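Chemist: One structure, as structure tokens, below. Some questions next.
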């Protein structure tokens, strides 16, 4: 299996791992990301399915940047998580995988996580002067913009603006 192969080739790289219903997950540090990606590519994990993030505001390393990989030959899947603190950045994979370009822009836009070496890191889904990052858990439910909620009767506040 790929996890054991990563352990053998890059000892000490994996800080945590688990397997649930056939989905394998490894947690690595951001410093080891490029080495792990290079190894995965050599081992047939050449399809980067997705990059996303998860916000854990109570943790010191607030975010997990999550990469989903697929080996097309064996149909084996692997999830790689990279914990990142607020304000830290992660190495960009856009130079290696064309799909990473938009995935990283989306993560930047919605979570505020920067990717070092990205060729065009700008907002993808929101406008340029949008305040904040919409998928952070501390983002206001009404969007924090009076123009977005003008005339709206939102069910969570009985139509009242606070």
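Numbering (my numbering), first residue to last: 18 to 179. Note that beta-carbon positions come from the ideal geometry of N, C-alpha and C, so glycine has one too. Source: prediction; values computed, not measured.
(1) Buried or exposed, going by whether 16 or more other CB atoms sit within 10 Å of the CB of residue 150?
(2) Can you have a look at residue 72 and say buried or exposed, based on whether 16 or more other CB atoms are within 10 angstroms of its CB?
(3) Could you pull out every residue in the same chain whose Cβ sits closer than 8 angstroms to the Cβ of residue 107, ignoring the five residues on either side in sequence?
(4) Relative to the alpha-carbon of residue 9, which residue among 141, 155, 53 has its alpha-carbon at the smallest distance?
(5) Express the C-alpha separation of residue 121 and residue 115 in angstroms, rounding to a whole number.
(6) Under the assumption that residue 19 contacts residue 31 (Cβ atoms under 8 angstroms), give the Cβ distance between them as a whole number of angstroms.
(7) Nearest by alpha-carbon distance to residue 69: which of 55, 84, 78 is it?
(8) How is the alpha helix (DSSP H) around residue 120 delimited, first residue to last?
(9) Rounded to whole angstroms, what is the Cα-Cα separation between residue 87 and residue 93?
(10) Just to check my reading of the structure: residue 153 and residue 128 have Cβ atoms closer than 8 angstroms, yes? What is that Cβ distance to the nearest angstrom?
(11) Tell me which residues share the same chain as residue 155 and place their Cβ nearer than 7 angstroms to its Cβ, disregarding the 5 neighbours each side in the sequence.
(12) In this structure, how does DSSP classify residue 76 when only helix, strand and coil are distinguished?
(13) Count the other C-beta atoms from every protein chain shown that fall within 10 angstroms of the C-beta of residue 91, then say buried if there are 16 or more, exposed otherwise.
(14) What residue ranges within the region 29–69 form continuous beta strand (DSSP E) runs of no fewer than 3 residues, ordered along the chain?
(15) Tell me the DSSP secondary structure of residue 22 in three-state form.
(16) So which of 26, 44, 65, 40 has the shortest CA-CA distance to residue 34?
(17) So, helix, strand or coil for residue 81, using DSSP?
Modeler: On the basis of the coordinates in this document:
(1) Its Cβ being crowded by 16 or more others within 10 Å, residue 150 is buried.
(2) buried
(3) 47, 50, 82, 99, 101, 130, 131, 132, 133
(4) Since the first and last residues shown for the chain are 18 and 179, residue 9 lies out of range.
(5) 11 angstroms
(6) No, residue 19 and residue 31 are not in contact; Cβ-Cβ is about 11 angstroms, not under 8 angstroms.
(7) 84
(8) 115–128
(9) 6 angstroms
(10) Rounded to whole angstroms, the Cβ separation of residue 153 and residue 128 is 6 angstroms, and the two are in contact under 8 angstroms.
(11) 74
(12) In the three-state DSSP reduction, residue 76 falls in the coil class, being neither helix nor strand.
(13) exposed
(14) 31–37, 40–45
(15) helix
(16) 44
(17) strand
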